[in-house]
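Asker:
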Amino acid sequence: MTDQKLQGPIVECECAGCCGSSAPEDQPEPVKKKYVAEVGWVVNKLEIPIGSVPVVSTELNWRDRAGAVLVRFGLRRMSYALRPGLYAVGRPNSSSYVFVSANYKLSFDHLRTHLSGLDAWILVLDTAGINVWCAAGKGSFGTEELIQRIRETRLFQLVPRGTLILPQLAAPGVAAHEVSKRTGFKVVYGPVRAADIKSFLARGLMATEEMRQVRFNFLDRLVLIPVDLTLWLKYLLLGIVILLALRGLGLNLLHWPALYPYLGAIIIGSVLVPAFLPWIPGRPFAWKGWLLGLLWALWINVEQGFITASSFAWAKAMTNFLLLPAISAFLALNFTGSSTYTSLSGVVREMKVAIPAILMAAGLGFGLLIAQLAGAF
Amino acid sequence: MKPHRYLKNVTTLAYYPEKCTGCGRCVEVCPHRLFYLQDGKAAVRDRDLCMECGACRRNCPWEAIAVRPGVGCAWAIMLSELKGNKAVVCG
Chain H
1 MTDQKLQGPI
11 VECECAGCCG
21 SSAPEDQPEP
31 VKKKYVAEVG
41 WVVNKLEIPI
51 GSVPVVSTEL
61 NWRDRAGAVL
71 VRFGLRRMSY
81 ALRPGLYAVG
91 RPNSSSYVFV
101 SANYKLSFDH
111 LRTHLSGLDA
121 WILVLDTAGI
131 NVWCAAGKGS
141 FGTEELIQRI
151 RETRLFQLVP
161 RGTLILPQLA
171 APGVAAHEVS
181 KRTGFKVVYG
191 PVRAADIKSF
201 LARGLMATEE
211 MRQVRFNFLD
221 RLVLIPVDLT
231 LWLKYLLLGI
241 VILLALRGLG
251 LNLLHWPALY
261 PYLGAIIIGS
271 VLVPAFLPWI
281 PGRPFAWKGW
291 LLGLLWALWI
301 NVEQGFITAS
311 SFAWAKAMTN
321 FLLLPAISAF
331 LALNFTGSST
341 YTSLSGVVRE
351 MKVAIPAILM
361 AAGLGFGLLI
371 AQLAGAF
Chain A
1 MKPHRYLKNV
11 TTLAYYPEKC
21 TGCGRCVEVC
31 PHRLFYLQDG
41 KAAVRDRDLC
51 MECGACRRNC
61 PWEAIAVRPG
71 VGCAWAIMLS
81 ELKGNKAVVC
91 G
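From first to last, the protein sequence lines are chains H and A.
Residue numbering for the first sequence is 1 to 377, as defined by my numbering.
Residue numbering for the second sequence is 1 to 91, as defined by my numbering.
(1) Can you grab the Cα-Cα spacing for the pair Val348(H) / Ala66(A), in whole Å?
(2) Would you say Thr342(H) lies against chain A (beta-carbon separation less than 7 Å)?
(3) To the nearest angstrom, report how far apart Tyr104(H) and Leu237(H) are at their CA atoms.
(4) Do Ser328(H) and Leu295(H) come within 7 Å of each other at the CB atom, strictly closer than that value?
(5) For Trp279(H) and Arg5(A), I'd like the C-alpha separation in whole angstroms.
(6) On the CB-based measure, 16 or more other CB atoms within 10 Å of its CB, does Val132(H) come out buried or exposed?
(7) Measure from the alpha carbon of Cys20(A) to the alpha carbon of each residue in Gly40(A), Pro31(A) and Cys50(A), then state which is nearest.
(8) DSSP three-state call for Leu323(H): helix, strand or coil?
(9) Which of the three DSSP states, helix, strand or coil, is assigned to Leu46(H)?
(10) Assuming contact is defined by CB atoms lying nearer than 7 Å, are Gly337(H) and Cys53(A) in contact in what I supplied?
(11) Between Leu82(H), Val55(H), Val56(H) and Leu155(H), which has its C-alpha nearest Gly67(H)'s C-alpha?
(12) Around the C-beta of Tyr235(H), are 16 or more other C-beta atoms found within 10 angstroms, so that it is buried, or is it exposed?
(13) Quick check: is the beta carbon of Tyr6(A) nearer than 7 Å to any beta carbon in chain H?
(14) For the stretch 4-34 of chain A, which residues have a CB atom closer than 7 Å to at least one CB atom of chain H, in sequence order?
(15) Note down, in chain order, all residues in the stretch 331-359 of chain H with a beta-carbon under 9 Å from any beta-carbon belonging to chain A.
(16) Please report the straight-line C-alpha distance between Gln168(H) and Tyr189(H), rounded to a whole angstrom.
(17) Taking DSSP's pairing of strands, which residues face Gly38(A) in a bridge?
(18) Less than 7 Å separating the beta-carbons of Val273(H) and Ala361(H)?
(19) For Pro3(A), which of helix, strand or coil comes out of DSSP?
(20) Any C-beta of chain A sitting closer than 7 Å to the C-beta of Ala317(H)?
(21) Give the interface partners of Tyr262(H) over in chain A, defined as CB-CB distance under 8 Å, in chain order.
(22) According to DSSP, Pro442(H) sits in a beta bridge with which residue or residues?
(23) When you compare the CB positions of Phe99(H) and Ile122(H), do they come within less than 7 Å of one another, or not?
(24) Who pairs with Ala88(H) in a beta bridge, going by DSSP?
(25) What would DSSP say about Leu254(H), mapped onto helix, strand or coil?
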């Protein structure tokens, strides 16, 4: 009876494109989206009454690995999406578990490699190619999308008394009790990390405390560094182009001793602070960056002879003291977006102090730099 | 494992025990393990661990938890300030 009631909306659905296999094959989607080609990772097709379901491999090939490396460096990251819908692993049946994932291929690849040897369904939501946690935060990995995707794929017919296993990090976007109430499916949150799925299943869908806790250890932080670094180095490249243009106008600033202090400040803010985050004293991210940046400026001033036992080239030294820590602080502050433990309220509070301070230091430092170039000192 | 710690006394998390039925969903979803069950009700271990992801609020069927959810991302906050948006979203 319940099933009958739940299937109602499918029959009533008036939109031609959203009713799974009943829609004509050549029906164009309202918005044409580009998805990663189903080559290599789709190994078979499962022909079942509700339609044809791609069976995916639980191993990564070179193409999957190359794709992962590219997106980690911020290349093609926003176009690494797979077609939303239903997929299969092994030979699932009407009593198999349904794992729910985002349509960011990195997330999906991660999930399927940890389902080896299992027979399961994977329901991929349309999260616009964004990973589970971020999409849940935005709401695109959300209650409504999940319910709609369940209806579109006719999951009721496939696994009538099924259990949906959601990644725990989908919880900011999905109200599990509401999905249960409106679809009849049992909804459980799996572990944070896909690597714990088999252990979670072996415990009868119970997760340990450790499995439920988000980590942010050294390696977790290291893999996040390249995306930010690539972004900031692009700005540095832009800066160098501007300097090249200035050289054309007769102002030559393009030499290593003038550049490497700034390159160092960038590396500090976007590599060293993320890598050594918990060991740098103080809690605000900008403070951590400013502190290391100050040490760097001190080293530069001594190394370049602006501060010696007998002399103090105050203009040059102050320029470094103002500019270099400000750059490191700003970049470190931006790592809050990659971290797994900063709150909106916390970052806002930190920024109320950090942003005016950084702007003032950068403004003064830049003014001093221009004055020196103009020959005032 | 020693958890990472951010700023103290800043989270907007509020918990109303009188509405709690002890279903345990908040305990299940919190990625920083703030909640635990005690005497048939949820209890809060350490508010300063909260990152305001909003998972507990969203999954509480009894509206016993309130929090202003958002992303703790400086870049997103700057962009939304510059554009004059109220909502802070990443990317």
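Just so you know, even glycine gets a beta-carbon here, dropped at the ideal spot from N, CA and C.
Answerer: In short, the structure shows the following:
(1) 19 Å
(2) yes
(3) 29 Å
(4) no
(5) 12 Å
(6) buried
(7) Per the Cα distances, Gly40(A).
(8) DSSP, read as helix, strand or coil, puts Leu323(H) in helix.
(9) strand
(10) no
(11) Leu82(H)
(12) exposed
(13) Yes, contact with chain H.
(14) Hits within the stretch, in order: His4, Arg5, Tyr6, Leu7, Val10, Thr11, Thr12, Arg25, Glu28, Val29, Pro31, His32 and Arg33.
(15) Leu333, Asn334, Phe335, Thr336, Gly337, Ser338, Ser339, Thr340, Tyr341, Thr342, Ser343, Leu344, Ser345, Gly346, Val347, Val348, Arg349, Glu350, Met351, Ala354 and Ile355
(16) 5 Å
(17) The residue you asked about is not Gly; residue 38(A) is Gln in the sequence shown. DSSP lists Lys41(A) as partners of Gln38(A).
(18) no
(19) In the structure shown, the three-state DSSP call for Pro3(A) is coil.
(20) no
(21) Within 8 Å Cβ-Cβ: nothing; Tyr262(H) doesn't reach chain A, min ~20 Å.
(22) Look at the range of chain H in this structure, 1 to 377, and you will see that residue 442(H) is not part of it.
(23) Yes.
(24) Val55(H) and Trp121(H)
(25) Under the three-state reduction of DSSP, Leu254(H) is assigned to coil, being neither helix nor strand.
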